[in-house]
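A.B. asks: Sharing a structure with you now.
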Ligand code: AP5
């Protein structure tokens, strides 16, 4: 599981780590953006939430995740963007959950100033309207601090949290993640 503020590199690192581990990569932000593109009723409701920088409801997210992994027979995944609240974390700790509780939670640590500059750099990307408005970026940072950062303690208490400095060059961050995964040189 990759946990970190917006722009910390979850979407950059996730596919690489998944390839390394030979498991599917599942990014809830991508699932939501696909839902928006589909033009469904849910997609229209989700678009408004994404445009504000808020979180989509826990129940919707749990169903979306279950739908995305429902046809997979993989025993493991690299998750990017889920869970983002304590309720979501608890939803995958129950018997019969769609994915197993995480073996490793990689915290991609990045100062807010670097987040702002990375997202400003990506703001021209049409697929990410939530990067274009600095007020929405601030809201995403606030939501991360208030609702997602508490998960760090949750996973620290479970003994699965490892923190990686996400401010280094991409390849260095990849190497640091692979090194701390279970079975890696220092994991
Ligand atoms: P999501 O798509 O998950 O967005 P996010 O968390 O805001 O993260 P980003 O995708 O912006 O950044 P990232 O950490 O993936 O970094 P990236 O690799 O792209 O979620 C979007 C929205 O969906 C949320 O705001 C919420 O509304 C909703 N949502 C999603 N999951 C949800 C859930 N579970 N519950 C409720 N709502 C949910 O990199 C960013 C930029 O930096 C790129 O340009 C990249 O090239 C660059 N970069 C990456 N690494 C480096 C590096 N090491 N050095 C220099 N540049 C780098």
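In the working numbering, the protein residues as written are 70 to 256. In this text, a Cβ means the ideal position worked out from N, Cα and C, and glycines have one as well.
Expressed to the nearest angstrom, what Euclidean distance is found between the alpha-carbon atoms of residue 129 and residue 223?
C.D. replies: When rounded, the distance between both Cα atoms is 22 Å.
A.B. asks: For residue 144, tell me which candidate among 170, 204 and 239 has the shortest Cα-Cα distance.
C.D. replies: Of the listed residues, the one whose Cα sits closest to residue 144 is 170.
A.B. asks: Which same chain residues, not among the five before or five after residue 232, have their C-beta less than 6 Å away from its C-beta?
C.D. replies: If we look at residue 232 and ignore the five residues flanking it on each side, its Cβ neighbours are 176 and 178.
A.B. asks: Compare the Cα-Cα distances from residue 70 to each of 146, 104 and 131 and report the closest residue.
C.D. replies: Closest option to residue 70, Cα to Cα, is 146.
A.B. asks: Between which two residues does the beta strand (DSSP E) harbouring residue 94 extend?
C.D. replies: 94–96 is the span of the beta strand (DSSP E), which, as asked, contains residue 94.
A.B. asks: In chain order, which continuous runs of the alpha helix (DSSP H) of length 4 or greater are located wholly inside the region 170–214?
C.D. replies: If we require 4 residues or more, the alpha helix (DSSP H) runs fully inside the region 170–214 come out as 181–190 and 203–212.
A.B. asks: Out of curiosity, what's the CA-to-CA distance linking residue 227 and residue 167?
C.D. replies: Rounded to the nearest angstrom, the two C-alpha atoms are 20 Å apart.
A.B. asks: Which residue's Cα is closest to the Cα of residue 217: 120, 174 and 187?
C.D. replies: The candidate whose alpha carbon is nearest that of residue 217 is 174.
A.B. asks: Helix, strand or coil: how does DSSP classify residue 232 here?
C.D. replies: Three-state DSSP puts residue 232 in a strand.
A.B. asks: Over what stretch of residues does the beta strand (DSSP E) that includes residue 128 continue unbroken?
C.D. replies: From DSSP, residue 128 is part of no beta strand (DSSP E) but of the alpha helix (DSSP H) over 127–138.
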